[in-house]
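To start, the structure itself, in structure tokens.
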Amino acid sequence: MSANPDRADAPVVDIRGLRVDLPDAGFDVVDEVSLRVWPGEVLGLVGESGCGKTTVGLALLGHCRRGAEITAGEVLVDGRDIAGANDAELLALRGRVVAYIPQDPPTALNPALRIATQVREVLDAHLGDWTAEQRDERLREVLREVHLPSDDAFLRRYPHQLSGGQQQRVTIAMAFACRPKVIVCDEPTTGLDVITQERVLETVRELCRRHRVAAVYVSHDLAVVSSLADRVAVMYAGRVVESSSRDELFANPRHPYTRGLLRAVPDLDGARSPVGIPGHAPLPGARTEGCFFGPRCQLCSDECRREFPAVTVVGPGHEVRCHHAHQALPGEAARVPQPAQALGELVIEAQGLSASYGGNQVLHGVDLGVLAHECVALVGESGSGKTTLARCIAGLHPDYEGRLLLGGTELAPRARRRTTDERRRIQYIFQNPYASLHPRHTVGRSLAAPLRLFFGLKGSACARRVAELLERVSLSRAAAESFPEELSGGERQRVAVARALAAEPAVLVCDEITSALDVSVQAAVLELLADLQQQMGLSVLFITHNLALIRTIADRVAVMSEGRIVEVRPTQAVLEAPEAAYTRELLEHTPRLDPQPSAVAAVLGPDPVDPVRAEPQ
Amino acid sequence: MSFAGTADDVALAPIEAVHARRQWLETLRSAARLRRTRLGLLMVGGLVVLAVVGPLLAPHSPSAFVGPGLTSPSKVALLGTDSLGRDVLSRFLHGGRTVISLALLATILGVGVGAAVGMFAAYARGLVDGILMRTSDVLLAFPQIVLVLLLVTGAGTHLWLIVVTVALGHAPRTARVIRAAAMEIVERDFIKAAEVMGESRWRIVFGGIMPMVTSPLLVEFGLRMVYSIALVTAVSFLGFGLQPPTADWGLMINENRLGIIQQPWSVVMPVLAIGLLTVGTNLITDGVARAAIGLDRRRSA
Amino acid sequence: SDEPQEAAPKGTPASGTKPKQGGTLRAGISGGGASDTLDAHHSSGAAEESRLPQLYEPLALYDHDATLMMVLAESMEPARDARSWDIRLREGVEFHNGKTLGADDLIYTFQRILNPDDPKDGVGFFGYVDATRLQKLDARTVRVHLKVKSATLTDDVAQYFNGIVPVGYDPRKPVGTGPFKFKSFTPGEESTFVKNENYWRTGQPYLDELSIINMNDDAARVNALLSGEIDAIMGLPARQVPTVENNPELRVQIAEKTGVHQPLTMRMDKAPFDDVRVRQAFRLMVDREQMVQQAYGGQASVGNDMPGLPDPMYASSLPQREQDIEQAKSLLKAAGHEGLTIEMVTAPMYRGVLESGQVFVEQAKAAGVNIKTKQLDTTGFFDGYGGWTFSQTFYGGRSVLGQIGFQYMPDSIWNETGWKNDRFTKLIAETRATLDDAKRKEILFEAQKILHEEGTLVIHSFVHAVDGYKAQWTGFNPSWTGGPLGDFRFREVGLSA
Amino acid sequence: MLRLITLRIALGVLTLWLVSVLVFVGTQVLPGDTATAILGPSATPDRLAALRKLLHLDDSVVAQYWHWLSSLVQGDLGTSASAGVPLSEILSSRVQNSGVLMLASGLIAVPVGLGLGVWAAIRRDRLADHLTSGSSLVLAALPEFVIGMALVLLFATTVFQWLPAVSLLGPGQAIWSKPQAAVLPVAALALAVIPYITRIMRGSMIEVLQSDYVQTARLKGLPERTVILRHSVPNALVPAIQVTALQLAWLAGGVVVIEYLFSFPGVGGLLVDSVTGREITIVQDVSLLIAAVYVTLNVLADVLCILITPKVRTGIS
Ligand SMILES: Nc1ncnc2c1ncn2[C@@H]1O[C@H](COP(=O)(O)OP(=O)(O)OP(=O)(O)O)[C@@H](O)[C@H]1O
Ligand SMILES: Nc1ncnc2c1ncn2[C@@H]1O[C@H](COP(=O)(O)OP(=O)(O)OP(=O)(O)O)[C@@H](O)[C@H]1O
Ligand SMILES: [Mg+2]
Ligand SMILES: [Mg+2]
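Chains as they are written, first to last, in the working numbering: chain G, 121 to 737; chain X, 243 to 543; chain Z, 26 to 522; chain B, 13 to 329.
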């Protein structure tokens, strides 16, 4: 893997000092971005959401979303400056020289056009001098290359008639159809399950290699990038803060953000617990003076607060923008594994649960129980029925057969039909904290609702309890008066946890509660949940499709596939010796941060042993 | 703003007393910053003021005869006389109250009922939704003007009847719009969350769903108001609405349409006023709609 | 009194020259609707009034000058006891289908009108004719037996909706003896007629074709005339008279002396009008001159609370009642109705009604009377007709005696105010029995005096009939009845030579 | 897909049936009936009774309803109570005239409205957009009779005298034989409808232009024409079709006021007259007709949307 930045041949992509502004709002989205990519090379562009990855990716095609504008810098693609190109030149470049694989294929494909039309029109637009037969031939060829059928019946399909993976392959086919020199992949695998993701990644990798295409691969997932990229650039708040070859970056990260990010990534193999970075990344317009990472940085000094660090070269092809690139991170205090609490009897139990949507049965006789003080992780690929099971338990999906028992008594299928106490004892935390809190209610009002409903609390008694709850989830009391929109995703999810705790429940059902969060924030929320579970002796049903998470949190793991539980065993046992073939497959395809765990372990040091972090800073 | 980490002691106010910024106020406030809204407010505000204080300014009684019919503007009658020889200016100054108040009442009633029905239908789903929507389908298919004709002819001309018929036309339309908006809301997790906790239906609909549909509701209110004004005046214009000798803009057009060549003022003034009123209302509505979209976009960002 | 007269083509055009033959007239009328009909014996208003006379003709009719003229009857003679009449039909009159008018047709017509299962409008006028005893004396003479005595059969049949139709008449194939033959008909829209070449009045009609177009909206009608879409319109609103007059291509026709009136009705058996002083007060509240000016734009003559202005029998020597607010107030006070509030029921039944109502409401304020208007639609209004304590109505022009028989007798169908005054009733009976003209006039004067003093109607004005037409036409002769467009006698109309 | 369409049509029929009940009940509440209207104030009780018997007005309401509906289904619109002519005769020319009015307004309004909408969306925030949006904002607000009055003042009476202020037609005279009579009413209706179509089309077009798939199309290097015509317009049409159908359906009712204003011999004027004249059967027939137009247009719009939305079209099969 040649990560040599001093390659003799010219880079095919050369971005110099790119700045994209929002002229109306009066601030920049990205600035001072310089990147180079050589033919046949994959550059991984990582960063948390909102840091400007897509903006940079689109700038490579000379495109800005409405309201944004390239205001400085050059974007040289194959020697031509895209930033200064006129409309006609852009038309000729896009799709032909530089192509784009969009983030979300269901919305990126035109729902009203057949896929053949959508692939074919790229060829028609750019290969006008070819004969129709030649273009037809290329159409089928490129479909074969992305491992899609190329028969007429398939060509006549509409996007909605394809699976998510197939849709993504169509967009890849469109991008590769004219054999461009550069492709920009904007998180092409987000939203795909691990197995599909792996196959799509393989396809991209293979095509880039075969056609010597340079790729800019945008992703927020370090594990994915580590398995694909030759070189990696880390972005934070609109700036590239570190870039280097992949191996160097993972082995020797220098920016505190990169290091924090690596620590926050949950690890499937190791016994290392993910550690979050306090706070959250600022959005454009909310960035501070000096180093944007300063407020979250443990090394932050006055210098950092004053000015944004310039580029420092710390090694061959390894550039960092940090005043403290050479300083070691203080030893992170990490959690002591709590002595396992004695597990009690079954708190909640599903017996032979079969659920369906209309005529479509998605759960087939599921038996699963959670003991008192126990955390059971429910894993399985997307669409396997995890959410459906959770909704049944919560009383949101009454269309099921079989029985649900809470402490031995059968529950009514519909939440409304259950007693207040039954409703109180089961609490459900939703996947998306952006959707589960009423946007027009203050945090205090959201928290007051369960207090009013379950304990009849009002007035200052209620307010006092709200304040307690907020403190319990490490939020300030002042947060009671804020609206969800004023909180970051992680803070919102804490509020959601607090709301569930307000009911003093016996069982918490957590449906992918971290999947909408950035890695650095996800780790912090997981820590909080694990602490609470231990301290309050809650039973938790923790649903996730991210196997890497379960080691940290779960006592037992239930693996679900196509509406059936295929394996339920203690976590350690499942991870080390999976019994079901399906479990094995899942484990195999889960991307790992680095093929050589020892290297990472060396960087991150030994597992921190400090007591629980009560509050992130 | 970040609330993480700091445990500073804030005085504990009862939750209910915590001042919740209302979405609609916020929308209106940001709408008021748009030029078109201001223009609309100016137009509507001016006409409302005119309607309210107009009668005090009127030089004559709106029903008094000040000269022969259809005379041109003179010292006595600044805008001339209408077909019966009454002062056009005085009648014009008196004629706004009925239009504005009837239209407003009809809009409040129709949009209120429609919104409640729409939200309940969206929330209840299934049979209740089916019945409510079928009913609204029937009401929608029933031509509104026929409804007005039948009811007014059947029960005689009563102001409340005009209000009710116009409202009856609005309710199903509003119900559809609000239902469509609420459909997506009821699927959101925060509604599910309230449901799981066992909140009452009433609270879910009015506390949970309603604050989420204030933008479409405001826009709908504006649109319906425009339509109310048009309909109330059209009914009077057709001669099925307000009764003489009421001074009313719609009626004035109908009464004096014939004399438009000799004495255009008695028609032009009310036509102008109605036009300004509806256009102004529409400008405000448009501003509100834009502001609402802007706020929502900022919020989802 | 109503001497049978020889009916000859008369009515020399009041204006313009004698018409020449040919041409198509498009006349705009109002009052039509979906319930329009061509049935010879049924009328729901002005629309039928305009159409039926073109197709059908009755035995007799009033002429423009309020005299009675024989039409299809050659003569109508009462028996001495007035229990039967002999009717002799005109000779050589042909129906549109070529059949000659005869006694059987008359009998058939009377039976059709008087059919107890489906009585027609005429019943209200000569319902006293015994339909079972219609005696054919010869080919064109019929003896009609009456259930009660009547000396006024000639007056009673003199309505346009009593046209003689042939035996076996089918309204869907309208056949009569009129000056025009049926061509097409769409209710509420338009009807067209073509010249009856065999019309018995030689020389008439002048027109080749006639088209009567219904346009209820005044503005539409006026616009149509101004833009030349049509040739003549009835009911030109007073305010439009100058516009039309100023147009050199158009003419205005005003019939100034008509009996058309739009009175206010006060039910005398209901409070407060059971007190004659209240009725008198109401009559004193009207400023009639202002009424004429404001409500009718000057196109009306002041009324004196009695009907029949153009009739020579009209009591014109009675003093004209003037507005007297003080007097009205004191009468009301005496009756205990100071500051009275009352509801006036009305409907847009005819142009001018709503307007005059509004003027009255305004004028009543001066006397401290607060009138609330309740406007119904016309059908709704007439559905409850006779039940309204205080309302408005309208009447076309009739003779004094005709109107009295129509409205003022205890058994009159139109007696919407419940007017009943024994002395009045007696005087009218006396009038009817009296043969001497002068004597009759005297008695009738006495009766009219009672109406003037105690009556239940406020007859504030007599409305002019105003028509507009293109200057090239002639023959629209003003009629005392106020019947528009020369009483719809289109047979007299033609292009000026 | 067929199932979906069938379901939609069945719902339409159900709606129509409910409307028919409502219309029938509605017409029963009118004071006075056909008989009083025909005979007028001079009616004596015997004459009324006789006529009522003749017109079957004494039958039970249910029987009357059944009689009306069953003959209607068989294509018999009933008979004019007074004129004795079949209502189909009275109605047919009126329906034709109104139909032509609606059709002409629709044929003008739909393409103009859609075209302006697309144009304004493409020129978003530029002068063309501001002009279009501004004028459609104003026009959409103005009541149709105000627009009509303004047109009359402008083109028929006060400013220019180019066109007739009223639309007079002979019986049986078809509107197309006198097109100038239809110009102003058609213009008034079209002007009342266009802004709505423009606004929805602009809005939905803007949404589509901001969609990911249009961005994808642009990033594929497709010419702007293709991006607009192939990728944007067809997808933007779906919501526009619904609104357009509603607007065209509105025409069926809105025609009443405009017909009154122009004395246009269509169903609108007939309706007003018939209510006053208690020609109940006409009121019922016309109301149902307007409702049928409304329902049919909506069903058509839905079917059209089903047909142009591949997801729905192929989804259920
Ligand atoms: N045209 C625009 N108008 C307004 N805001 C914009 C625009 N383009 C980008 N932004 C803002 O700039 C920030 C960076 O956006 P961008 O989409 O590039 O981030 P990203 O790293 O791709 O995020 P994600 O991981 O969520 O896709 C975001 O907060 C976004 O809201
Ligand atoms: N509302 C719904 N109507 C119909 N089918 C549904 C609905 N929700 C889910 N399904 C289907 O039920 C199956 C199980 O869905 P479920 O959401 O329970 O899966 P999941 O395991 O939670 O997936 P993910 O990891 O993507 O959240 C899927 O095939 C899905 O398509
Ligand atoms: Mg992105
Ligand atoms: Mg799920």
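Note that CB positions come from ideal geometry on N, CA and C, so glycine has one too.
Please read all numbers here as calculations on a predicted model, not as lab measurements.
For this session: Report the option in Ala522/Z, Ser521/Z and Phe515/Z whose CA atom is closest to the CA atom of Gln229/Z.
Result: Looking up residue 229/Z in the third sequence gives position 204. Selected option, being the one with the closest Cα: Phe515/Z.
For this session: Taking Pro414/X as the reference, give the member of Val461/X, Arg532/X, Gly360/X and Ala366/X with the closest Cα.
Result: Reading the second sequence from its first residue, position 172 is the one you call residue 414/X. Here the closest residue by C-alpha is Gly360/X.
Exercise. At which residue ranges does the stretch 646-674 of chain G contain complete alpha helix (DSSP H) runs of 4 or more residues, listed in the order of the chain?
Worked result: 670-673
Problem set entry | Ser325/X vs Ala533/X beta-carbon contact at 8 Å | Here residue 325/X corresponds to residue number 83 of the second sequence, with the count starting at 1. Here residue 533/X corresponds to residue number 291 of the second sequence, with the count starting at 1. It is not a contact, given that the beta carbons lie outside the stated cut-off.
Exercise. Which full runs of the beta strand (DSSP E) of 3+ residues lie inside the stretch 182-219 of chain Z, going along the chain?
Worked result: 205-211
For this session: Could you pull out every residue in the same chain whose Cβ sits closer than 7 Å to the Cβ of Ala436/X, ignoring the five residues on either side in sequence?
Result: Here residue 436/X corresponds to residue number 194 of the second sequence, with the count starting at 1. Excluding positions up to five away in sequence, the list reads Ile446 and Gly450.
For this session: Identify, in the order they occur along the chain, each residue of the same chain with its Cβ nearer than 7 Å to the Cβ of Gly775/G, setting aside the five sequence neighbours on each side.
Result: Nothing about residue 775/G can be read from this structure; chain G reaches only from 121 to 737.
Exercise. Hey, how far is the Cα of Asp300/Z from the Cα of Glu479/Z?
Worked result: Position 275 of the third sequence, counted from the first residue, corresponds to residue 300/Z. Position 454 of the third sequence, counted from the first residue, corresponds to residue 479/Z. About 10 Å.
Exercise. Pick from Arg289/G, Pro300/G and Arg260/G: whose alpha carbon is nearest that of Asp198/G?
Worked result: Indexing the first sequence from 1 puts residue 198/G at position 78. Nearest of Arg289/G, Pro300/G and Arg260/G to Asp198/G, Cα basis: Pro300/G.
For this session: Could you confirm whether any beta carbon from chain X is found closer than 8 Å to the beta carbon of Arg560/G?
Result: Position 440 of the first sequence, counted from the start, is the residue given in the question as residue 560/G. Yes - at least one Cβ of chain X is within 8 Å of the one on Arg560/G.
For this session: Name the one or two DSSP bridge partners that Glu291/Z has.
Result: Taking the first residue of the third sequence as 1, we reach residue 291/Z at position 266. Note that residue 291/Z is Met in the sequence shown here, rather than Glu. Within the DSSP bridge table, the entry for Met291/Z names Phe415/Z as partners.
Exercise. Quick one: what's Asp631/G bridged to in DSSP?
Worked result: Taking the first sequence and counting its residues from 1, the one referred to as residue 631/G is at position 511. Its beta-bridge partners are Ile663/G.
For this session: Flag Glu307/G as yes when its Cβ comes closer than 7 Å to any non-hydrogen atom of ligand 3, and as no otherwise.
Result: Here residue 307/G corresponds to residue number 187 of the first sequence, with the count starting at 1. Yes.
For this session: Please say whether Val167/Z and Leu178/Z have beta carbons closer to each other than 8 Å?
Result: Translated into positions along the third sequence, residue 178/Z becomes position 153. Translated into positions along the third sequence, residue 167/Z becomes position 142. Not in contact: Leu178/Z and Val167/Z (Cβ atoms no closer than 8 Å).
Exercise. Quick one: which chain B residues come within Cβ less than 8 Å of Asp224/G?
Worked result: One-based indexing of the first sequence puts residue 224/G at position 104. Simply Asp224.
Exercise. Should Glu462/X be flagged as near chain G, meaning a C-beta pair shorter than 8 Å?
Worked result: In the second sequence, the residue the question calls residue 462/X occupies position 220. No, Glu462/X does not count as interfacial toward chain G.
Exercise. For ligand 1, is there a heavy atom less than 7 Å away from the beta-carbon of Cys403/G?
Worked result: Looking up residue 403/G in the first sequence gives position 283. It should be pointed out that residue 403/G corresponds to Leu in this sequence rather than to Cys. Taking non-hydrogen atoms of ligand 1 into account, the C-beta of Leu403/G is found less than 7 Å away from one of them.
Exercise. Would the stretch 218-229 of chain G and the stretch 292-311 of chain G be scored as touching if the rule is three or more Cβ pairs under 8 Å?
Worked result: Judged by Cβ distances under 8 Å, the stretch 218-229 of chain G makes contact with the stretch 292-311 of chain G, as three or more pairs qualify.
Exercise. Hey, how far is the Cα of Glu521/G from the Cα of Glu647/G?
Worked result: For the purposes of this step, residue 521/G is identified with residue 401 of the first sequence, where counting begins at 1. For the purposes of this step, residue 647/G is identified with residue 527 of the first sequence, where counting begins at 1. Using only the alpha carbons, I get a separation of about 36 Å.
For this session: Flag Arg186/G as yes when its Cβ comes closer than 7 Å to any non-hydrogen atom of ligand 1, and as no otherwise.
Result: For the purposes of this step, residue 186/G is taken as the residue at position 66 of the first sequence. Yes, ligand 1 has a heavy atom inside 7 Å of this Cβ.
Exercise. Got a sec: does ligand 1 put a non-hydrogen atom nearer than 7 Å to the Cβ of Gly745/G?
Worked result: Coverage of chain G is limited to positions 121 through 737, which leaves residue 745/G absent and any answer about it impossible.
Exercise. Which stretch, first to last residue, makes up the beta strand (DSSP E) that contains Asn206/G?
Worked result: In the first sequence, counting from the first residue as 1, residue 206/G sits at position 86. Premise fails: Asn206/G is in no beta strand (DSSP E) and is neither H nor E.
Exercise. Three or more beta-carbon pairs under 8 Å between the stretch 532-546 of chain G and the stretch 396-416 of chain X, yes or no?
Worked result: Taking a cut-off of 8 Å for Cβ pairs, the stretch 532-546 of chain G and the stretch 396-416 of chain X do not touch, as fewer than three such pairs fall below it.
Problem set entry | C-alpha gap between Asp313/G and Ser502/G, whole angstroms | Locating residue 313/G in the first sequence gives position 193, counting from the first residue. Locating residue 502/G in the first sequence gives position 382, counting from the first residue. Using only the alpha carbons, I get a separation of about 6 Å.
Exercise. Taking 7 Å as the cut-off, does the CB of Val361/G come closer than this to any heavy atom belonging to ligand 1?
Worked result: As a working mapping, residue 361/G is identified with position 241 in the first sequence. Taking 7 Å as the cut-off, one finds no heavy atom of ligand 1 near enough to the beta carbon of Val361/G.
Exercise. Between the C-alpha atoms of Pro715/G and Gln447/G, what's the straight-line distance to the nearest angstrom?
Worked result: Here residue 715/G corresponds to residue number 595 of the first sequence, with the count starting at 1. Here residue 447/G corresponds to residue number 327 of the first sequence, with the count starting at 1. Because Pro715/G carries a pLDDT of 47, less than 50, the predicted location of this residue cannot be relied on, and no value is offered for it.
For this session: Return the residue from the list Asp256/Z, Phe150/Z and Asp180/Z that minimises the CA-CA distance to Gly500/Z.
Result: Counting from 1 along the third sequence, the entry for residue 500/Z is found at position 475. The residue with the shortest Cα to Cα distance from Gly500/Z is Asp256/Z.
Exercise. Rounded C-beta distance between Gly164/G and Val385/G? I'm assuming under 8 Å.
Worked result: Indexing the first sequence from 1 puts residue 164/G at position 44. Indexing the first sequence from 1 puts residue 385/G at position 265. Their Cβ separation, rounded to whole angstroms, is 14 Å, which puts Gly164/G and Val385/G out of contact at 8 Å.
For this session: Label Met161/B either buried or exposed according to how many other C-beta atoms from any shown protein chain fall within 10 Å of its C-beta, with 16 as the threshold for buried.
Result: Looking up residue 161/B in the fourth sequence gives position 149. By the neighbour-count rule (16 or more Cβ atoms within 10 Å), Met161/B is buried.
For this session: Could you tell me which residues DSSP puts in a beta bridge with Gly164/G?
Result: To locate residue 164/G, count along the first sequence from 1; it is residue 44. Answer by DSSP bridge pairing, in chain order: Tyr337/G and Val352/G.
For this session: Could you say which of Glu73/Z, Pro103/Z, Gln287/Z and Arg276/Z lies nearest to Gly421/Z if we only look at CA atoms?
Result: Reading the third sequence from its first residue, position 396 is the one you call residue 421/Z. Measuring from the Cα of Gly421/Z, the nearest candidate turns out to be Gln287/Z.
For this session: Alpha carbon to alpha carbon, how far is Thr523/X from Asn498/X? Give it in angstroms, no decimals.
Result: Indexing the second sequence from 1 puts residue 498/X at position 256. Indexing the second sequence from 1 puts residue 523/X at position 281. Distance between the alpha carbons of Asn498/X and Thr523/X: 26 Å.
Problem set entry | One or two residues paired with Thr499/Z in a DSSP bridge | Numbered from 1 along the third sequence, position 474 holds the residue referred to as residue 499/Z. Beta-bridge pairing links Thr499/Z to Gly519/Z.
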